[in-house]
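2 protein chains.
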Amino acid sequence: MHSLENIRIVLVEPSHPGNIGAVARSMKTMGLTRLVLVAPKKYPHYEASKRAASADDVLDNAVVVDELGAAINDCTFVLGTSVRDREVKWPTLDPRRAASQLIEHLLELNGSMNQAAILFGRENSGLSNSEMETCNAQIRIPANSDYSSLNLASAVQIISYELRMIALQEIQHEQNFGGDKKLLPAEKRRTNASFAQREGHLQHLQDTLEQLEFIKSKPPVVLMRKLTRLYNKANLSVEEVQILRGILTAIQTQSSGSE
Amino acid sequence: MHSLENIRIVLVEPSHPGNIGAVARSMKTMGLTRLVLVAPKKYPHYEASKRAASADDVLDNAVVVDELGAAINDCTFVLGTSVRDREVKWPTLDPRRAASQLIEHLLELNGSMNQAAILFGRENSGLSNSEMETCNAQIRIPANSDYSSLNLASAVQIISYELRMIALQEIQHEQNFGGDKKLLPAEKRRTNASFAQREGHLQHLQDTLEQLEFIKSKPPVVLMRKLTRLYNKANLSVEEVQILRGILTAIQTQSSGSE
Chain F
154 MHSLENIRIV LVEPSHPGNI GAVARSMKTM GLTRLVLVAP KKYPHYEASK RAASADDVLD
214 NAVVVDELGA AINDCTFVLG TSVRDREVKW PTLDPRRAAS QLIEHLLELN GSMNQAAILF
274 GRENSGLSNS EMETCNAQIR IPANSDYSSL NLASAVQIIS YELRMIALQE IQHEQNFGGD
334 KKLLPAEKRR TNASFAQREG HLQHLQDTLE QLEFIKSKPP VVLMRKLTRL YNKANLSVEE
394 VQILRGILTA IQTQSSGSE
Chain P
154 MHSLENIRIV LVEPSHPGNI GAVARSMKTM GLTRLVLVAP KKYPHYEASK RAASADDVLD
214 NAVVVDELGA AINDCTFVLG TSVRDREVKW PTLDPRRAAS QLIEHLLELN GSMNQAAILF
274 GRENSGLSNS EMETCNAQIR IPANSDYSSL NLASAVQIIS YELRMIALQE IQHEQNFGGD
334 KKLLPAEKRR TNASFAQREG HLQHLQDTLE QLEFIKSKPP VVLMRKLTRL YNKANLSVEE
394 VQILRGILTA IQTQSSGSE
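Residue numbers (this note's numbering), protein chains in the order written: chain F, 154 to 412; chain P, 154 to 412.
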C-alpha cells in the first residue's frame with residue numbers, strides 16, 4: 154500500500170505519553186507507519202511504550218521535532234483535524250472526503266514525490282489558528298455535538314481507517330482495470346507546491362501589500378488569514394506559485410519606482 | 154438521531170475495566186448510549202470510570218448480564234465483530250456495509266420496534282464460534298494483516314463512527330426529501346461568487362497586469378487560462394472576490410501615480 158507510506162501523522166505537543174503509544178497502535182493496525190511528534194511534553198516514556206503494545210516499531214521510528222514547520226516543510230498536502238468551530242472558517246472535509254482527496258493527491262505523481270501530513274492538536278486545546286493556517290483544509294470528525302471529546306488515539310484511528318479504506322479501493326481499482334492508472338493526462342502531472350513554497354508566496358504577498366500600503370495597521374492577521382485560506386483552497390502548483398510571485402515582483406518593482 | 158438509540162454495544166467478557174470506560178467514551182462521541190456488559194471480569198472499577206471521562210452517564214446506564222442470551226434476546230438484528238478468519242465462514246461485511254444494513258433494518262419499522270446489537274469479543278480471544286452463530290453477520294474491520302490487534306475501544310470507535318455517518322446521511326436525506334427543511338449550518342451559507350463576479354475579477358486582474366506591463370504581448374491567453382484555473386480551484390466567495398479586487402485597485406492606483 155504505497156500511498157500510505159507517504160502519509161505522516163503529526164501530533165502537536167501531545168501531553169500524555171500514553172496517548173502517543175496508543176496513536177502508534179491505531180496507526181499500525183491500519184498500515185500507517187510514519188509518526189512525527191512536535192515538542193511532546195514527555196517523551197520517550199515507559200507509558201508510551203506500554204500503550205503501543207506491538208506497535209513499538211512505529212514508536213521507535215517516530216521523528217521528534219521542535220516546531221511544526223520542521224514536521225511539514227516538504228509536504229505538498231497538509232490536513233488538520235478539528236472539532237471546534239472557528240471564527241474564520243477553513244475549508245472543511247469529513248474524514249472520508251479528506252482521505253479520498255489526500256490519496257488522490259498522492260497518486261497524481263505516482264506517489265513518489267508527494268508527501269502528505271495530517272495534524273492532530275493538543276489533547277485539551279487542539280490546533281491553534283496559526284497551525285490550522287498551515288493546512289490545505291481541516292478535517293472535521295462528525296462527532297456528537299453534546300460530547301465531541303474524542304481521545305487522541307480514537308481520532309487517529311478513524312482517520313487512519315478511512316485512509317486504509319480508500320487505499321484498499323485504489324488497489325481494487327488497479328486490479329480490476331490494470332496498471333494504466335499511472336498514465337495520467339498531462340493536466341494531472343502537475344507538481345504541487347510544498348508548505349515552504351506556499352509560505353514563501355504568502356510572505357511575499359504580505360510584503361507587497363505593506364509596500365502598497367494596502368495593509369496599514371500591523372499585524373494584518375485577519376486579512377492574511379483570509380488570503381491564506383483562499384490560496385490554500387486552490388492547492389497551488391509550483392508553477393502557479395512562480396506566476397503569482399512573478400506578479401508580486403512586478404508590483405514591487407513598479408511600486409518602489411514610484412516612491 | 155433515533156436510529157442510534159436502538160443500537161446497543163455488547164462487550165463479551167471484557168478483561169480490563171479501563172477498556173470498558175474507553176468504550177463508553179468512544180460510543181458517546183458518536184452519539185451511541187446503550188452499553189451492555191456480559192460477565193465483565195472487573196466491574197464496576199475506578200479504572201473504568203477514569204477512562205470514561207465525561208461519558209460516565211453511558212457507564213452509569215450500562216446493563217450487566219450473566220450470559221450473552223440475556224443481552225440480545227429482544228434484538229432483531231445482531232452483528233459480531235471479528236478480525237480472525239473462521240473455519241466456517243460467516244457472512245462478512247465491512248464496517249460501512251454493516252452500518253448501512255443495520256440502520257436500514259432499524260428504519261424498516263420506523264425504528265420503534267427493532268432493536269439491534271453489535272457484539273465485541275474478549276481482548277485476547279474475541280468471540281467464540283457459538284457466540285458468532287448468534288449473529289446475522291460478522292463485521293470484519295479491514296485491519297493490517299501484519300498487525301490486526303485493534304484496541305477494544307478503537308474497534309468500537311470505528312463501528313460507532315460508521316453508524317453515525319450512515320445515520321447522518323439518513324437525516325440529510327430526510328431533510329432533502331422529507332418535510333421540514335432546517336437551516337443549513339453557517340459553513341454552508343457562505344455565498345459563492347457568481348460566474349459574472351468571477352469574470353469581473355479576472356478581467357480586473359488582466360487589466361492590472363497589462364497596466365503593470367507584466368503582460369506585454371497580447372493576447373495573454375495562456376497566462377490568463379492558468380490564472381483562471383488557479384482561482385476557479387479556490388471556489389471563491391463573494392467576500393474573497395472583494396478582497397482580491399480591493400488589492401487590484403490599490404495596485405492600479407499606485408501604478409498610475411508612478412507614470
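In this text, a Cβ means the ideal position worked out from N, Cα and C, and glycines have one as well.
Separation of Arg-204/P and His-198/P (C-alpha to C-alpha, rounded to the nearest whole angstrom) is 10 Å. Taking 9 Å as the threshold, the shortest C-beta distance from Ile-396/F to chain P falls below it.
Of all residues in the stretch 287-303 of chain F, the ones placed with a Cβ closer than 7 Å to any Cβ belonging to chain P are Pro-295, Ala-296, Asn-297, Tyr-300, Ser-301, Ser-302, Leu-303, in chain order. As the crow flies, the alpha-carbon of Gly-410/F is around 38 Å from that of Lys-242/F.
Inter-residue distance for Val-374/F and Leu-383/F is about 14 Å (C-alpha atoms, whole angstroms). In chain order, Asn-297 make up the part of chain F whose C-beta sits under 7 Å from the C-beta of Gly-184/P. Counting along the chain, the unbroken beta strand (DSSP E) around Ala-270/P starts and ends at 269-273.
When Asp-360/P, Ile-319/P, Ala-308/P, Ala-208/P are compared, the shortest CA-CA separation from Thr-402/P is found for Asp-360/P.
Gln-325/P sits exposed, since fewer than 16 C-beta atoms from the chains shown fall within 10 Å of its C-beta. Only residues of its own chain outside the window of five on either side were considered, and among them Val-191, Ala-192 have a CB closer than 8 Å to the CB of Glu-220/F, listed in chain order. Two segments are said to touch when three or more pairs of C-beta atoms, one from each, lie closer than 8 Å; by this definition the stretch 243-253 of chain F does not touch the stretch 207-216 of chain F. Interface annotation, Gln-359/F: not in contact with chain P, CB-CB separation never under 9 Å.
Rounded to whole angstroms, Gln-291/P and Ile-225/P show a C-alpha spacing of 15 Å. Listed by position along chain F, the residues whose Cβ is nearer than 8 Å to that of Ser-253/P form an empty set, because the closest Cβ is around 13 Å away. Collapsing the DSSP output to three states places Leu-365/P in coil. In the structure shown, the three-state DSSP call for Ser-301/P is coil. Annotation for Ile-294/F: no alpha helix (DSSP H) segment contains it, and DSSP assigns it neither H nor E.
Shown in chain order are the members of the stretch 176-201 of chain P whose Cβ falls below 9 Å from a Cβ of chain F: Arg-178, Ser-179, Lys-181, Thr-182, Met-183, Gly-184, Leu-185.
Leu-321/P has its alpha-carbon roughly 26 Å from the corresponding atom of Met-180/F. Approximately 20 Å separates the beta-carbon atoms of Thr-245/F and Arg-275/F; this is outside 8 Å, ruling out the contact. In summary, the residues of the stretch 313-324 of chain F whose CB is separated from some CB of chain P by less than 8 Å are Tyr-314, Arg-317, Met-318, Leu-321, in the order they occur in the chain. If you check the CB distance, Ser-235/P and Met-285/P come in under 9 Å.
Among the CB atoms of chain P, none fall inside 9 Å of the CB of Gly-353/F. Leaving aside the five residues that flank Val-163/P on each side, the residues in its chain whose CB is nearer than 6 Å to its CB run, in chain order, Val-189, Ala-224, Ala-270, Leu-272. By the CB criterion at 9 Å, Ala-206/P and Arg-178/P fall inside the cutoff. Of Arg-249/F, Asn-282/F, Asp-299/F, Leu-397/F, the smallest CA-CA separation from Gly-353/F is found for Leu-397/F. Contact of Arg-249/P with chain F is assigned, a C-beta pair being separated by under 9 Å. Asn-345/P carries a strand assignment under DSSP once its states are collapsed to helix, strand and coil.
Pairing Ala-349/P with His-357/P, the inter-Cα distance amounts to about 12 Å. The C-beta distance from Gln-268/F to Asn-385/F rounds to 16 Å, too long to fall under 8 Å, and the pair is not in contact. Its chain contains no residue whose beta carbon lies nearer than 7 Å to that of Gln-395/F once the 5 sequence neighbours on both sides are disregarded.
For Phe-367/P, the C-beta contacts it makes with chain F under 8 Å involve Gly-399, Ile-400, Ala-403, in order along the chain.
Within the stretch 201-218 of chain F, Ala-206, Ser-207, Ala-208 place their CB atoms closer than 8 Å to a CB of chain P, listed in sequence order.
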